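Report on the following structure.
Protein chains: 2
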Amino acid sequence: MGELPHVVIVGAGFGGIMAARGLKNAPVRVTVIDRTNHHLFQPLLYQVATAGLSPANIAAPIRDVLHKQRNAEVFLAEAAGVDTAGKLVHLREGASIPYDYLIIATGSRYNYFGHNGWEEDAPSLKSLSDGVSMRQEILLAFEAAEMEPDPARRKALLTFVLVGGGPTGVELAGSIAELAHRALKEDFRHFDPRSARIILIEAGPRILAAFPKELSNAAQKALERLGVEVRTDAMVQEVDDRGVSASGVRIDSRNVIWTAGVVATPVGKWLDVETDNIGRIPVNADLSVPGHPNILVLGDAARLEQDGKLLPGVCPVAMQQGRYAAALIRARAGEKGKEPGPFRYHDKGNVATVGRGFAIVDLGRLKLSGFVAWVAWIFIHIWYLIGFRNRISVMFQWAWAYITWQRAARLITGPIPGPRLFAKTVDSLADDRTSITTKTRKLP
Amino acid sequence: MGELPHVVIVGAGFGGIMAARGLKNAPVRVTVIDRTNHHLFQPLLYQVATAGLSPANIAAPIRDVLHKQRNAEVFLAEAAGVDTAGKLVHLREGASIPYDYLIIATGSRYNYFGHNGWEEDAPSLKSLSDGVSMRQEILLAFEAAEMEPDPARRKALLTFVLVGGGPTGVELAGSIAELAHRALKEDFRHFDPRSARIILIEAGPRILAAFPKELSNAAQKALERLGVEVRTDAMVQEVDDRGVSASGVRIDSRNVIWTAGVVATPVGKWLDVETDNIGRIPVNADLSVPGHPNILVLGDAARLEQDGKLLPGVCPVAMQQGRYAAALIRARAGEKGKEPGPFRYHDKGNVATVGRGFAIVDLGRLKLSGFVAWVAWIFIHIWYLIGFRNRISVMFQWAWAYITWQRAARLITGPIPGPRLFAKTVDSLADDRTSITTKTRKLP
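Going down the list, the sequences are from chains A and B. Each residue of the first sequence is one higher than the one before, counting from 32 in our numbering. Each residue of the second sequence is one higher than the one before, counting from 32 in our numbering.
The following block contains the structure:
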């Protein structure tokens, strides 16, 4: 009896976690490596960024997800490279972990299309820590506006620009509009939060381009009813700490958020293989890397065609690939049952939400928009949330927010007071020391 | 008709928030200044630090608490000084706010008794941001232990030392013991979390010295049943990044937490008045500062004797003083009804919790310890939580945690991976590159 084969999984997103769970009771040892301690339910991350849900509602500790799976261990560490000849994963922390099978499920990050300097002024939303700091920035913008005597600066603080009309941009736009126009409407004394502008910029001719045209039109109308300005065919030319320029129009804004396009993490370099222009590794039909049959790549890091079309970078693809990878390894590791055929993605449909009570659902033959679609969206999302506690807790917070229009998690927990936006108003207050006094006197 | 008098309240803790709410519909304008955006329910902060509750469960945005009170405004800002002659509060941000009445409710911070350098290696727990970073440090200690091959270093990572046997030290000790010995017990593969040591160090002869002796003894026994080592009559001599020395005994620990004694924030300097040795301002029987009848000081920042005894620095004192200050100002601002007499604190009793299902309650004649006291403690705490949503949500999370022994909020959301504890193990892993390999092979 030799030792059990060792499967190393890098990344505990949808693909990685499904692969790990799929190897439960398999004749292998499993090591999951992630640089965070939690599996994140990314489709609801925008709710954390807009104070609707708490971080704990949409994240489950990886250890907790796998704690009953005795053949699996978890390391909080960052993979830094792979030695394919020696079959080792190098960690940034200095150690190396040997593998017999390697599953790379490292996902993607946002693509600034060569303008990486824009990231500082237009952050994006991938990790829980991004969500918490975006929440802080959004809330601080309103706080700073309350103390800002200069109308132009106040207007810039109350202008939110979303770059990219995909699901994340649309969801954030709708959610910020609801926050400003409804949840916060009685909370300030020196301005009306309903005056906040929310602008969604899309380079293409319509938002939510992955959906049929009638559904994207319905979504755009719903966004506009919430008070969002939608600008299509608008190319961003410049981003700085005072705003954004798109197709020749300048918008002064202290809150530019980037949601346009993704690029895979640098796994191509690790394996020394060619990638496509957004960093994805072309894989064989069994998800293996050409020339490396024992290395599988899943999810946003993989490039795979099916019926002449590229598979999209969405959760269901990653989840189905994770399950497939586990089945493949079980068979190759000698478990009875035959090896699965080539991977095939089963597209069950596409959903996106626009705000309270409105979503669009595309199930192929069935296309829905409005409240019914939104209820469907809620149930689909809660169903997939890992962990029973989270399902109940999210449901409760949503129900409560729905009834009261409150935001449960409106907390600024970072350095006190939050650095970026607040600092920007300091000079204006110093310019005009009596301004607050004057304004205070205007209270009813 | 002149303008309404302006009441400025610095600090939105228990005293400040009660004063602000007490001035609802009074013939005054109210400005609340706080350097965070939330009122914090501090008695449950230890639950955030030990991953039992989420930050949003124990904090309410100050704006939300006061959003219906049209005579009140809120500034997220930090007070930096007071000009008593010009009747102005200076903000660190540069502006100044004029007042007719000033209420100082700035609370306290932990007292390192002259060893301020110890704070870096032995953090304390006052703000929500302290709670989140303490949670992160505690969770990272376990994560680092999983990858630490050296037994002595692993032991230091799994040793938690609480300095100070007051309520916070006792609550944290009990809660960390439950986390390690119960909630995490199946989550690691390279060590048994039940081997974690939790040590509570108290300089005096017994813990919870504010309680009668029989109750502190009961609490100590309950702690010991949870696996906490209690060391009384132990003076801390040295704290460094490798551990702590107390009464000649060295304890190697990467997790030293300071909960010993408090000192008032530097309000004495602002007003240029003498304070006592822990920074509190002696106040008159109407809470005013001698020589400054329009400045009131509340809560931990105030020093006041009643019946020959100093009032303790506890929430109920601050809350009652806040309500008193509001009543006094209402009368002085010309509202009908006579001015209240000197402030009197009504002591309703004292509670402290030791862990799941055990608390002590001292109501004077009635002394309780055990499960019934714990149920009483839960209801008292939830009753005082500001905001209906929080009451339900905390109750739900507690009920769930009680049934499942899970921790709802085991998230590391800071810089990835968390810097302090993790960095400390990097060198050891680098020393012995194959150690993880070896250990991994030992998996069942």
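All C-beta atoms in this analysis are idealised placements derived from N, C-alpha and C, irrespective of residue type, glycine included. Note that the coordinates shown come from a computational prediction; the quantities given were computed from them, not determined experimentally.
Please confirm if the segment 363-373 of chain B is in contact with the segment 402-413 of chain B, defined as three or more CB-CB distances below 8 Å between the two stretches. Flag = no, the segment 363-373 of chain B and the segment 402-413 of chain B do not touch.
Using a C-beta to C-beta distance shorter than 9 Å, which residues of chain B count as neighbours of A:ARG220? ARG101, ALA103, GLU104 and VAL105
For B:ASN142 and B:THR199, the rounded distance between their alpha carbons: 14 Å
C-alpha distance - B:GLU269 paired with B:VAL392, whole-angstrom precision: Looking at the two C-alpha atoms, the distance is approximately 34 Å.
Determine, for B:ARG94, whether the minimum Cβ-Cβ distance to residues of chain A falls below 7 Å. yes
For B:ALA90, list the residues DSSP reports as bridge partners. B:LEU71
Does DSSP classify A:GLN271 as helix, strand or coil? The sequence as given places Asp at residue 271 of chain A; Gln does not occur at that position. Strand.
Bridge partners of A:PHE106, per DSSP? According to DSSP, A:PHE106 bridges with A:ILE64.
Where A:ALA316 falls: helix, strand or coil (DSSP): coil
Using the three-state DSSP reduction, which class does B:ARG363 fall into: helix, strand or coil? helix
Taking 7 Å as the threshold (C-beta atoms), are B:ARG354 and B:GLY53 in contact? yes
Below 8 Å, how does it come out for the segment 189-207 of chain A and the segment 380-394 of chain A: are there three or more Cβ pairs, yes or no? yes
Using a Cβ cut-off of 8 Å, pull out every chain B residue sitting near A:LEU189, in sequence order please. Neighbours of A:LEU189 on chain B: none; closest Cβ ~15 Å, over 8 Å.
Alpha-carbon to alpha-carbon, A:LEU76 and B:ASP161: 24 Å
Any beta carbon of chain B sitting closer than 7 Å to that of A:GLU174? Judged by the 7 Å Cβ criterion, A:GLU174 is in contact with chain B.
Suppose the cutoff is 6 Å on Cβ atoms and the five residues either side in sequence are ignored; what does the same chain contact list for A:ASP131 look like? PRO36 and HIS37.
Are the C-beta of B:ALA87 and some C-beta of chain A separated by less than 7 Å? yes
Buried or exposed: B:ASP331, going by 16 or more other Cβ atoms within 10 Å of its Cβ? Burial call: buried.
At the level of alpha carbons, what is the spacing between A:ASP218 and B:HIS98? 5 Å
Is A:ALA214 close to chain B? Criterion is C-beta to C-beta, closer than 7 Å. no
Determine the chain B residues that contact A:MET49 at a beta-carbon separation under 8 Å, and present them in chain order. Result: empty, since nearest Cβ-Cβ is about 20 Å, beyond 8 Å.
Under 7 Å between beta-carbons, which chain A residues line up against B:LEU170? List them in chain order, please. ASN68
Would you mind working out which of A:ASP223, A:ALA357, A:TYR415 and A:GLU370 sits nearest A:ALA57, comparing C-alpha positions? A:ALA357
Name, please, each residue of chain B whose Cβ falls closer than 9 Å to the Cβ of A:HIS377. The premise fails here: A:HIS377 is roughly 32 Å from chain B at the closest Cβ pair, so nothing lies under 9 Å.
Chain-ordered neighbours of A:GLU217 on chain B, where CB pairs are closer than 8 Å: HIS98 and LYS99
Might you give, ordered along the chain, the residues of its own chain that have their beta carbon closer than 7 Å to the beta carbon of B:GLY380, omitting 5 neighbours on each side? VAL392, ASP393, LEU394 and GLY395
Determine whether the Cβ of B:ALA90 lies closer than 7 Å to any Cβ atom of chain A. So, interface residue.
What does DSSP give as the partner residue(s) for B:LYS398 in the beta ladder? B:ASP393
How far does the beta strand (DSSP E) with A:ILE259 in it reach, from first residue to last? Reading the sequence as shown, one finds Val at residue 259 of chain A and not Ile. A:VAL259: member of the beta strand (DSSP E) spanning 259-262, first to last residue.
Pick helix, strand or coil for B:ILE447, following the three-state DSSP scheme. With a pLDDT of 41 at B:ILE447, under the threshold of 50, the modelled position of this residue cannot be trusted; read the value that follows with caution. Looking at B:ILE447 - three-state DSSP - the assignment turns out to be coil, as it is neither helix nor strand.
Run the CB neighbour count on B:GLU255, radius 10 Å, all protein chains shown included, and call it buried at 16 or more, exposed below. exposed
Return the chain-ordered list of same chain residues with a C-beta closer than 6 Å to the C-beta of A:PHE191, the five sequence neighbours on each side being excluded. ILE207, ILE229 and ASN286
Cβ of B:ARG464 less than 7 Å from any chain A Cβ? In this prediction, B:ARG464 has a pLDDT of 29, which is less than 50 and means its spatial position is unreliable; nothing more can be read from the coordinates.
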